[in-house]
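Just so it is clear: in the sequence shown, position 443 is 443 by full-length UniProt numbering, and no numbers are missing.
Where is the CB? At the ideal position from N, CA and C, for every residue including glycine.
Predicted model only: the values in this text are computed from it and were never measured.
Data block below; observations after.
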Amino acid sequence: MRRMSPDVPLLNDYKQDFFLKRFPQTVLGGPRFKLGYCAPPYIYVNQTVLFLMPWVWGGLGTLLYQLGILEDYYTAALSGGLMLFAAIIIQFISLYARNKSVTVERMLTTDILAEEDEHDFTSCAGTETIKFLIPGKKYIANTVLHSFLAGLMCGLGTWYLLPNRISLLYGSTGGTVLLFVFGWMTLCIGEYSLIVNTAAETATFQTQDTYEITPLMRPLYIFLFVSVDLAHRFLVNIPALEQVNQILHILFIFLPFLWALGTLPPPDSLFLWAMEQVLEFGLGGSSMSTHLRLLIMFIISAGTAVTSYFIPSTVGVVLFMTALGFLLSLNLSDMCLVFKHSVTRHRVGTKSKALPSGSEKQFTWKECLFYIIILVLALIETSLLHHFAGFSQISKNSPQAVVGYVLMILLIILWILREIQSVCIFGIFRNPFYPKDVQTVTLFLEKRTRLVKIGVVRRILLNLVSPFAMIAFLSLDSSLQGLHSVSVSIGFTRAFRMVWQHTENALLETVIVSVVHLFISSTDVWWNRSVDTGIRLLLVGIMRDRLIQFISKLQFAVTVLLASWTEKKRRKSTTTLCILNIVFSPFVLVFIIFSTLLSSPLLPLFTLPLFLVGFPRPVQIWPGAVGTAACVCADTVYYDQMVPGLTTALQAAMAAGSLGLLLPGSHYLGRFQDRLIWIMILECGYTYCCINIKGLELQETSCHTAEAQRVDEVFQSAFEQEYSRVCSINEHFGNVLTPYSVLPVKLYSDARNVLSGIIDSHDNLKEFKGDLIKVLVWILLQYCSRRPHVQEVVHKTENKGQASLIILPALNTSPQTQTPEDSDSLNSEILDDWSDDNVFGDEPTIRKGKEEKDQLKVVPGVNFPIPGSVESQGIGEHSGGTVPENSLYKSVILGYPVVDKGKQKDVAYIPLVEFSCSHSHLLRLPEEWTSSCLPNSKMREMSSLFPEEWYQFVLKQLECFHSEENTSSVLEEIAKDRVLKDFYVHAVMTCYFSLFGVDNMVPSPGHILRVYSGVLPWSLALDWLTEKPELFQLALKAFRYTLKLMIDKASLGPIEDFKELTNCLEEYETDWYIGLVSDEKWKEAILQEKPYLFSLGYDPNMGVYTGRVLTLQELLIQVGKLNAEAVKGQWANLSWELLYATNDDEERYSIQAHPLLLRNLTVQAADPPLGYPIYSSKPLHIHLY
């Protein structure tokens, strides 16, 4: 979103034309009578014939029946057979047209969008005409299946709409004619969408109809209506069934309108929704986090209810219901995975493969032991109470009534303890017991101590006391005394399951049933005479759920109305809608009630106060698996790091009741700095909860920022503002977001600072150059002391008493006179002349073809290993314990001229240099780092900058000799080794030169930023450094460390001594990641939870250099609960608007920010491709104990 314009249209011009063409097609089931271009008349005639064809066959059969020629079932068979034959012919014609290759020439048009719809029709039965009229099926199986269903539907539909049958139901000729005519219109619409051309449905669940499920939608509902009529035909003397059949015959003619408005769900959504509703309200379960879990749990739960019916013993039934109710309410899949993993680890575990940690193992077995004890106690209680207690109807003195009183007290106590845990009571009044003005974790934890203790008490009452009290209430019920019926099996299977699955809801339902029994004790009342306790609890559960939905939907409708009225930019266009809603408020209320009964979303069209009843859908709303899709970007890693800690904090908050009543389908919104966390509850059970966490984008767009600011205002008003009164009113009560609690979570805080006055200070930049050399020395020494050492070929005993040798390359010794221009030779791309002097100036010159007398030795081609020398291995070479003849030529070459590949074999001999300390090889540099690329004069000039005292200090602080007894003496000896020091001088100064280039002046801030970003200036040493990736990364790290050191010195003061500098660099190494936000290692550092991260940047808008610091610490995330119906309604509109109206305009009205509805954030949180969260977790199971 780039802007929020007051004149944003609901649909742009093209989409309006598209919608006006698509909607009539949807109403009629597929015929395209509005094309947007001129088509031949036979196109409309052919569609009309195909549309009325079922009526022709059905009318023929109806006529034969009315004339008494055929019986009703023969009439149905004749009409169905004719329709089946016609459907097969239609499908074969379509298949023939698709297989026939015809070249179609299109006329050029300037309207590209219109060209997609236009067709060139050549004749009434031409190939293009047939392909337009009958697109055909993608799969042969569907061709056969849909044709068969078309014949069956026509036959049963003819039977369903026989005039005599309708007259018997209503006894009215006028009503019969109306139902017959419009009923056949419904049948024709269903037949056309099944076999001719399927219309785009307003009730779209899947983004893509891969398996051609959409054509089955309308026939499915026709078959459901017909099935009731068939049941009424063959099951006589059931008055209720006759009344239902009469109502459905009237509703049958309104099916096209329900299809067009998108009220009836498609088959896949209907199947999932029906399973959830039956599982939750009929079997006492919960919605599941995945579709597979839902199907498995539904089958097992239904099997439990069926099995309980066939158990002959009443005690056995009660024990079976209690045991299965408890077990099915647990997170069995998670427990099975843990157990399977544990068994597998024990079975295949070896010494090299560690077993699970003792604490984890102990925790798992403690949990299992806890569940076993609870189950045993529940079974003992149930059996004893059922066997020994007397059975009588509830009276004021009966044992069941006494338990009912206890349950009432428990309900009140639990409600009070739950409300105390959150910041608002009923979402209206501020809780006086909640910590006030909470901004830091330490302060919050101190003030929350009493609430934590209250939460422990609440957990004990909820998880231990309440279930056993409700089991006692159920076990004492008289309905379980005699032979049980279907209603007893269903009702009590659900009741014993609800005790554990939804303890708080079950407690409320049980208390309501108990109170009603006490006030209505007469046996003549239907409630006491015809319904047992299990069914009473079931009915109360449905009413409780629908009442909560009705209140939420009503609040959402009022919020939409207020949002439209208070939006000044569109007040002129929404005033009429607001007035109409007020005038026709009874009809709006009917829509809300109808939506509540179906448990479907209340759909505000374009998020305006124009309400429709959306189609019922499962709790997850979206068809895909949870957590499989997200718009991953660079900011996703922040949510990746946050989620484990957030899950732990949610566990404590949910267990304490800080987030209110936990119900599947509830949505929560968390806020911290620029992060917005969307939390959805997917599944609930005994001591566990399954959630999905989404992370919204961090990009600050206008709409995103406007709503994020309102979220901040809501939370600040609740958590950070002081109130004079004890119970203050929530200022943002009308908002869809209600603040609940704050969660302490370990995450990164993001601070951005302007570095003006630091990075552009001449003094700081001058010190930067000197510090860089020190940091390079420290990093190279640390690297060499920690890297794996090359395996020595010669044993220590053979080397004892001998000095280590290092290979020194022969230099070009052709006589030359050193000129003043030698120092300026860096400007040349090719250096042909090299100084005869050693690069360090303190070693004898090596002459080619001559032997040295002192430390230098000439070694001809040999086959034995050289003690202390550095061996090199080319790509594909492997050391076999001995040095081949030519391997010595690949040793460390210091000051050696550039040699073409393969020419080293021409070198006759290699001079060697001794290390003065036998342990120096442990700190030697890799061989390729010691090659030379700079003239000796330049190296001598730069060597004077080398900080020898710092080098000595750092070297003596190393800890790489753990096995040596006299570590300090060994380090003293190494520190005196001038050959080793010369190598470090060479490597450090070459890297130093590479980072600053030819110009040796004080660097500019732009230069600092470019090198920090990995863009080095050109120099002779650039290729030399970039060809050594490891050394390049070390030099870049040293540069970044030096920049951070410069900033710290400017902010915190100068460094006093070497020890303080070492401590500072060690802190950078262990606790910091200093780099770029775009680096892959930046993400790795966040996931590894480095305490601090730093990045340098540049703001082109302000023209300033910026520093970004991420600090890992425990901070407070503010969490509030969203109106679930507001989320469902806006997501339903999003689905309709994008999948049916194809209104994907980024500036559309329904995505514009609104502080009351949080429209933009809600759209972001939808599953892709309709929404665009940057993070979405897999289902996360949280243990609530």
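Assigned secondary structure, residue i (DSSP; H/G/I helix, E/B strand, else coil)
{"i": "residue 685", "result": "strand"}
{"i": "residue 857", "result": "Note that residue 857 has pLDDT 34, beneath the 50 cutoff, so the model's placement of it is unreliable and no number is given."}
{"i": "residue 710", "result": "helix"}
{"i": "residue 1166", "result": "coil"}
{"i": "residue 424", "result": "strand"}
{"i": "residue 680", "result": "strand"}
{"i": "residue 1092", "result": "strand"}
{"i": "residue 104", "result": "A caution first: residue 104 carries a pLDDT of 44, below 50, which makes its placement in the model too unreliable to give a value."}
{"i": "residue 1215", "result": "Outside the shown range of the chain, which is 1 to 1185, sits residue 1215, and nothing can be said about it."}
{"i": "residue 183", "result": "helix"}
{"i": "residue 1143", "result": "coil"}
{"i": "residue 578", "result": "helix"}
{"i": "residue 227", "result": "helix"}
{"i": "residue 1171", "result": "coil"}
{"i": "residue 253", "result": "coil"}
{"i": "residue 1187", "result": "A question about residue 1187 goes unanswered here, because the residues of the chain that appear run from 1 up to 1185."}
{"i": "residue 374", "result": "helix"}
{"i": "residue 124", "result": "coil"}
{"i": "residue 1149", "result": "helix"}
{"i": "residue 703", "result": "helix"}
{"i": "residue 692", "result": "strand"}
{"i": "residue 174", "result": "helix"}
Residue interval of the alpha helix (DSSP H) (run including residue i)
{"i": "residue 151", "result": "140-160"}
{"i": "residue 1122", "result": "Looking at the DSSP string, residue 1122 is not in any alpha helix (DSSP H); the run it does join, the beta strand (DSSP E), is 1104-1122."}
{"i": "residue 738", "result": "It is not in any alpha helix (DSSP H) - residue 738 instead sits in the beta strand (DSSP E) that spans 737-754."}
{"i": "residue 57", "result": "41-66"}
{"i": "residue 526", "result": "526-529"}
{"i": "residue 510", "result": "503-519"}
{"i": "residue 24", "result": "13-28"}
{"i": "residue 213", "result": "First-last for residue 213: undefined, no H or E at that position."}
8 Å contact criterion, which residue i and residue j should meet: CB distance rounded
{"i": "residue 670", "j": "residue 501", "result": "Residue 670 to residue 501, Cβ: 26 Å. No contact."}
{"i": "residue 32", "j": "residue 200", "result": "In fact, because the Cβ distance is near 11 Å, the residues do not count as touching under 8 Å."}
{"i": "residue 668", "j": "residue 679", "result": "4 Å"}
{"i": "residue 428", "j": "residue 742", "result": "Going by Cβ atoms, the distance from residue 428 to residue 742 rounds to 19 Å, so no, they are not a contact pair."}
{"i": "residue 607", "j": "residue 1130", "result": "6 Å"}
{"i": "residue 650", "j": "residue 674", "result": "So it is not a contact: roughly 21 Å between Cβ atoms."}
{"i": "residue 578", "j": "residue 1168", "result": "With a Cβ gap of about 34 Å, residue 578 and residue 1168 do not count as contacting."}
N-terminal and C-terminal residue of the beta strand (DSSP E) that residue i is part of
{"i": "residue 670", "result": "667-672"}
{"i": "residue 1182", "result": "1180-1183"}
{"i": "residue 611", "result": "611-613"}
{"i": "residue 664", "result": "Taken as a continuous stretch (DSSP letters only), residue 664 belongs to no beta strand (DSSP E), as it is neither H nor E."}
{"i": "residue 1073", "result": "1072-1075"}
{"i": "residue 604", "result": "602-604"}
Evaluate contact between the stretch 161-177 and the stretch 54-68, counting only Cβ atoms and requiring at least three cross-stretch pairs below 8 Å.
-> Flag = yes, the stretch 161-177 and the stretch 54-68 touch.
Quick one: any contact between the stretch 432-445 and the stretch 491-499, if contact means 3 or more CB pairs under 8 Å? The stretch 432-445, when compared against the stretch 491-499, does not touch it at the 8 Å Cβ threshold.
- prompt: Three or more C-beta pairs closer than 8 Å, one from the stretch 286-294 and one from the stretch 603-614: is that the case here?
  reply: Here the stretch 286-294 does not lie against the stretch 603-614, with fewer than 3 beta-carbon pairs under 8 Å apart.
Are the stretch 44-59 and the stretch 186-201 touching by the rule of at least three beta carbon pairs closer than 8 Å?
With a cut-off of 8 Å, the stretch 186-201 and the stretch 44-59 count as touching, because enough Cβ pairs lie within range.
Practice item. Mind the definition here: the stretch 1078-1085 touches the stretch 1054-1070 only if three or more C-beta pairs lie below 8 Å; say whether that holds. Key: The stretch 1078-1085 vs the stretch 1054-1070: no contact.
Going along the chain, which unbroken runs of the beta strand (DSSP E) with 3 or more residues stay wholly within the stretch 937-987? Along the stretch 937-987, the beta strand (DSSP E) does not occur as any fully enclosed run of 3 or more residues.
**Asked** Do the stretch 650-657 and the stretch 455-471 meet, that is, are 3 or more Cβ pairs less than 8 Å apart?
**Response** Touching, per the Cβ criterion.
Exercise. Does the stretch 758-775 come within contact of the stretch 1038-1058, defined as at least 3 CB pairs closer than 8 Å?
Worked result: Short answer: they touch.
The stretch 373-389 in contact with the stretch 474-491 per 3-pair CB rule at 8 Å: A contact exists between the stretch 373-389 and the stretch 474-491.
**OP:** Give a yes or no on contact between the stretch 577-597 and the stretch 547-565, applying the rule of three or more CB pairs nearer than 8 Å.
**Re:** Short answer: they touch.
Please list the segments of the alpha helix (DSSP H) lying wholly inside the stretch 432-492, counting only runs of 4 or more residues, in order along the chain. With a minimum length of 4 residues, the continuous alpha helix (DSSP H) runs that stay inside the stretch 432-492 are 441-447, 449-460, 466-475.
**Prompt:** Touching or not, the stretch 150-160 and the stretch 70-80, by the rule of three or more beta carbon pairs under 8 Å?
**Reply:** Yes: at least three Cβ pairs fall under 8 Å.
Touching by the beta-carbon criterion (3+ pairs, under 8 Å), the stretch 270-285 and the stretch 294-303
The answer is yes - the stretch 294-303 touches the stretch 270-285, with three or more Cβ pairs under 8 Å.
Exercise for review: Taking 8 Å as the threshold, find out whether the stretch 735-751 comes into contact with the stretch 1172-1185 through three or more Cβ pairs.
Suggested key: Because the criterion of three Cβ pairs below 8 Å is not met, the stretch 735-751 and the stretch 1172-1185 do not touch.
Exercise. Below 8 Å, can you find three or more Cβ-Cβ pairs linking the stretch 524-541 to the stretch 1088-1108?
Worked result: Put simply, the stretch 524-541 does not touch the stretch 1088-1108. Fewer than three CB pairs are less than 8 Å apart.
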